[in-house]
Amino acid sequence: MKASSILTVLLLLLNVTAFPTYGKTFIPIGHDGGSHRIYIVHVTKPSDKKFHLFKQRKEWYMSYLPNATLSSGWPRLVYAYRQVITGFAAWLTQEEVNAMKAMDGFLFSSEDDDLQPRTTYTYEFLGLTSDGSPDMWFNSNYGGGQIIGVIDSGVTPNHPSFGDLGVPPPDLSKWKGSCYWGPPICNNKLIGAQGFSGGMSISPLDMRGHGTHCASIAAGNIVHNASYEGAAQGKASGMAPKAHLAVYKINTTADLLRCIDEAIRNHVDVLSISQGHAKEFIYSGIIKGAFAASTKGIVTCAAAPNGGPTPNSIDNDAPWIITVGACTTDRKIASVVKLGGGQEFLGESVSAGKWLATPQLPLVNVRTCYPDIGKHDVVGKIVICEGKYLISFIGDIVQKAGGPGVIVISLQGNYTQPTINDIPASHVTSDDGTKIEEYFLSSPNATAAIIFRGTQFGAKPAPAVARSSGRGPSLQNGDIIKPDIIAPGVNILVASPSESNSTGKQATFVFQSGTSMATPHVAGIAALLKHNHPTWSPAAIQSAIMTTAKSRDRDGNRITDQNNGKIATAFDMGSGMVNPLAANDPGLIYDIKPLWIGALL
Numbered sequence: 001m002k003a004s005s006i007l008t009v010l011l012l013l014l015n016v017t018a019f020p021t022y023g024k025t026f027i028p029i030g031h032d033g034g035s036h037r038i039y040i041v042h043v044t045k046p047s048d049k050k051f052h053l054f055k056q057r058k059e060w061y062m063s064y065l066p067n068a069t070l071s072s073g074w075p076r077l078v079y080a081y082r083q084v085i086t087g088f089a090a091w092l093t094q095e096e097v098n099a100m101k102a103m104d105g106f107l108f109s110s111e112d113d114d115l116q117p118r119t120t121y122t123y124e125f126l127g128l129t130s131d132g133s134p135d136m137w138f139n140s141n142y143g144g145g146q147i148i149g150v151i152d153s154g155v156t157p158n159h160p161s162f163g164d165l166g167v168p169p170p171d172l173s174k175w176k177g178s179c180y181w182g183p184p185i186c187n188n189k190l191i192g193a194q195g196f197s198g199g200m201s202i203s204p205l206d207m208r209g210h211g212t213h214c215a216s217i218a219a220g221n222i223v224h225n226a227s228y229e230g231a232a233q234g235k236a237s238g239m240a241p242k243a244h245l246a247v248y249k250i251n252t253t254a255d256l257l258r259c260i261d262e263a264i265r266n267h268v269d270v271l272s273i274s275q276g277h278a279k280e281f282i283y284s285g286i287i288k289g290a291f292a293a294s295t296k297g298i299v300t301c302a303a304a305p306n307g308g309p310t311p312n313s314i315d316n317d318a319p320w321i322i323t324v325g326a327c328t329t330d331r332k333i334a335s336v337v338k339l340g341g342g343q344e345f346l347g348e349s350v351s352a353g354k355w356l357a358t359p360q361l362p363l364v365n366v367r368t369c370y371p372d373i374g375k376h377d378v379v380g381k382i383v384i385c386e387g388k389y390l391i392s393f394i395g396d397i398v399q400k401a402g403g404p405g406v407i408v409i410s411l412q413g414n415y416t417q418p419t420i421n422d423i424p425a426s427h428v429t430s431d432d433g434t435k436i437e438e439y440f441l442s443s444p445n446a447t448a449a450i451i452f453r454g455t456q457f458g459a460k461p462a463p464a465v466a467r468s469s470g471r472g473p474s475l476q477n478g479d480i481i482k483p484d485i486i487a488p489g490v491n492i493l494v495a496s497p498s499e500s501n502s503t504g505k506q507a508t509f510v511f512q513s514g515t516s517m518a519t520p521h522v523a524g525i526a527a528l529l530k531h532n533h534p535t536w537s538p539a540a541i542q543s544a545i546m547t548t549a550k551s552r553d554r555d556g557n558r559i560t561d562q563n564n565g566k567i568a569t570a571f572d573m574g575s576g577m578v579n580p581l582a583a584n585d586p587g588l589i590y591d592i593k594p595l596w597i598g599a600l601l
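Residue numbers (full-length UniProt numbering): 1 to 601.
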């Protein structure tokens, strides 16, 4: 694209609340051919049109369409955007898009696509509150008055994390949004909840859980005695427990642009987006939407993909986005493997109160437990399996074969996961798994026991870059160092709407991992910083977070990569682990105007 065209697009972005029509997310019944798809179309705004009224804008967009409706009678126009882009989403065929290219003002188009999704302790691990030292929570009034917009799969409004005890009402001179359910379901905590799909307004109820997880991390209220089957028991809280939440449910890029339009109009302070797609900057709804948000003073935090440890496995990588990778904490739900020779290896599993320990039992190495377990005698033996499948699935096939316990060797380096199983289990690291296998080969009468020791702290090294966290550099521009920051994203205890526990009842909290869980940590911290520094721009907040990040772990050593134990690079961890207290007083900030870097679009 020529420089003049880039500048045109950039200036248009500054002019660009979306207006829904009432189309469908599917091809309507009776439609001929099924070749219509939703396209997002970018156009220039004519100099002779002011667009003071929605009617004027809609008429202009409609002029690009061959007609107003599909043959089924459903409207072609899906969304008319006003904040994020000058453009619209509509049902079109490829041939109709090609014809549109000859029309005055047409810039470019892209087919709509689905977006991919990317705690009792983390607030303490990050130093938001501690005895005998400055308290970031207290100094920032727990984020009171700030509005965090979470764009994801919706929310479970009746979850205790979204109760409003101690949360003051929003400032109505600022907040301009709405809630699908209204009071009392919506309250001073959950002040906004909307859903959009294919031009329709839909229920923002979370059917997947992902949005509920993320919203609880960003601004969930304090919940006492939270745990998952007794594991990690303690006080659960979001990073900004007195901040307000505005949740937007989306599925595709067109929906996301509509939600960012709405979030800008609603006057949110921070956006948390744990979704993504690998696209060039100019075609990425997240990147373009975040740019428009930044011109309105809104901080956008977005997840790096879970594509690590492969290099260049990153998106959401524009400079005006705080791109968040994931790291570990020092908490383990301990399930120790004790070998007959006395060696102990720290793994993870949740006993749910079923077991304290197994006796020393004969050890057998099946390794590929699926599909090979039937080839081995495992009755009465602790079985060694590789973690190629879900740990619960591996435990199930071992139990059915007569094995009373299982040791699952991680295939992801030092990553281990606390899960509930039907038999005693321990998920151990790759290195420890190798040592256990070596013991089995060298000992003709090898035995092992699995001992549950509950929630333990002090695991080392901590933090470490999560193996799955997306790595830089940016594929779009190798001069952009991404991610910007890492935050806790491994085995985070989060609010859950739908997970079943071992009794078949719904679990209020569960463990989840990924950059999706790391991102709302940083969004909540950004809200605390905005409370304390209301004049700081999004770039200033990003600068404060990045220049004060921790590059060393709790033992004073340089942060390492969970995948291989080597020292993490800037393309693994960005500046390091977010350090809220230091970010609140960075000493120096590097500010930047969106227009200075917007030419990247």
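Glycine is no exception: its CB is placed at the ideal position from the N, C-alpha and C atoms.
> What residues in its chain sit with their C-beta under 6 Å from that of Ile597, if we drop five residues either side in the sequence?
Replying inline: Taken in chain order, the residues that qualify are Pro319.
> Just to confirm, are Asn579 and Lys550 a CB contact at a threshold of 7 Å?
Replying inline: yes
> The beta strand (DSSP E) spanning Tyr415 covers which residue range?
Replying inline: From DSSP, Tyr415 is part of no beta strand (DSSP E); its letter is neither H nor E.
>> Check for me: the alpha helix (DSSP H) holding Asn266 runs from which residue to which?
In response: 253 to 266
> Taking the alpha carbon of Pro169 as the point to measure from, which residue in Lys242, Val155, Ser227, Pro359 has its own alpha carbon closest?
Replying inline: Lys242
> Which residue comes first and which comes last in the alpha helix (DSSP H) that contains Leu493?
Replying inline: Here Leu493 belongs to no alpha helix (DSSP H); instead the beta strand (DSSP E) covers 492 to 495.
> What are the uninterrupted segments assigned as alpha helix (DSSP H) that are 4 or more residues long and contained completely in the region 28 to 102, given in chain order?
Replying inline: 54 to 62, 94 to 100
> Among residues of its own chain, excluding the 5 on either side of Leu165, which ones have a beta-carbon nearer than 7 Å to its beta-carbon?
Replying inline: When the five nearest sequence neighbours on each side are left out, the beta carbons in the same chain lying within less than 7 Å of the beta carbon of Leu165 are those of Asn221, in order along the chain.
> Measuring from the CB of Gln456, is there a heavy atom of the ligand NAP at a distance below 6 Å?
Replying inline: As far as ligands go, the structure on display features none, and thus does not contain the ligand NAP.
> To which residues does DSSP link Asn365 through a beta bridge?
Replying inline: Ile384
> In the region 181 to 251, which residue ranges form an unbroken alpha helix (DSSP H) of at least 4 residues, counting only runs that do not cross its ends?
Replying inline: Taken in chain order, the unbroken stretches of alpha helix (DSSP H) that lie wholly in the region 181 to 251 and span 4 residues or more are 210 to 219.
> So what does Ile409 bridge to, in DSSP terms?
Replying inline: Glu386, Val428
>> For Ile85 and Lys288, I'd like the C-alpha separation in whole angstroms.
In response: Rounded to whole angstroms, Ile85 to Lys288 spans 8 Å at the Cα level.
> Excluding the five sequence neighbours on either side, which residues of its own chain have a C-beta within less than 7 Å of the C-beta of Asn98, listed in chain order?
Replying inline: Correct list: empty, nothing qualifies.
> Among the residues of its own chain, which have a CB less than 8 Å from the CB of Thr69, if the five just before and after it don't count?
Replying inline: Pro75, Arg76
>> Measuring only the C-alpha atoms, how far is Pro418 from Ile451?
In response: 14 Å
> With respect to the beta strand (DSSP E) encompassing Leu107, which residues constitute its N-terminal and C-terminal limits?
Replying inline: 106 to 111
>> Pop quiz: Gly472 and Ala518 are said to be a contact at Cβ under 8 Å. What is the actual Cβ separation, rounded to whole angstroms?
In response: Incorrect: roughly 15 Å between the Cβ atoms, too far for contact.
>> Buried or exposed for Gln476, going by 16 or more other Cβ atoms inside 10 Å?
In response: The residue in question, Gln476, is buried, as its Cβ has 16 or more Cβ neighbours within 10 Å.
>> For Thr416 and Glu348, I'd like the C-alpha separation in whole angstroms.
In response: 6 Å
>> So, for Pro538: in the same chain, excluding its five sequence neighbours on each side, which residues have a beta-carbon less than 6 Å away from its beta-carbon?
In response: Ser294, Val299
> Would you report the Cα separation of Leu7 and Leu595, rounded to the nearest angstrom?
Replying inline: The predicted position of Leu7 is uncertain, since its pLDDT is 32 and thus under 50; a value taken from the coordinates is nonetheless stated next. So the two alpha carbons sit approximately 9 Å from each other.
>> So, for Gly521: in the same chain, excluding its five sequence neighbours on each side, which residues have a beta-carbon less than 8 Å away from its beta-carbon?
In response: The sequence given here places His at residue 521; Gly does not occur at that position. Result list for His521: Thr122, Leu126, Ile217, Ala218, Met239, Val324, Ala487, Pro488, Gly489, Val578, in chain order.
>> Quick check: the Cα distance between Lys505 and Tyr228, rounded to an integer number of angstroms?
In response: Since pLDDT at Lys505 reaches only 47, below the 50 mark, its modelled position is unreliable, and the value read off the structure follows with that caveat. Cα-Cα distance, rounded: 12 Å.
>> Going by the DSSP bridge assignment, what does Met573 pair with across the sheet?
In response: BP columns for Met573 are empty, so no partner.
> Phe162 lies in the beta strand (DSSP E); which residues open and close that run?
Replying inline: First-last for Phe162: undefined, no H or E at that position.
> Under three-state DSSP, which class holds Glu280?
Replying inline: coil
>> Pull the bridge partners of Arg467 from the DSSP assignment, please.
In response: DSSP lists no partner for Arg467.
> Mind checking whether Arg37 and Glu95 have CB atoms under 7 Å apart?
Replying inline: no
> Is it true that the CB of Ala448 sits closer than 7 Å to the CB of Ile382?
Replying inline: yes
> Hey, how far is the Cα of Lys400 from the Cα of Pro157?
Replying inline: 39 Å
> Thinking C-alpha only, which one of Gly87, Arg82, Ile481 is nearest residue 602?
Replying inline: Here the chain comprises residues numbered 1 to 601, so residue 602 is not present and cannot be evaluated.
>> For Arg453, which residues in the same chain have their Cβ closer than 7 Å to its Cβ, ignoring the five residues on either side in sequence?
In response: Ala334, Val336
> Going by other Cβ atoms of all chains shown within 10 Å of its Cβ, with 16 needed for buried, is Tyr79 buried or exposed?
Replying inline: buried
> Are at least three pairs of beta-carbons, each pair with one atom in the region 208 to 216 and one in the region 141 to 152, less than 8 Å apart?
Replying inline: yes
> Is DSSP giving Ile322 helix, strand or coil here?
Replying inline: Here Ile322 carries a strand assignment [DSSP, helix/strand/coil].
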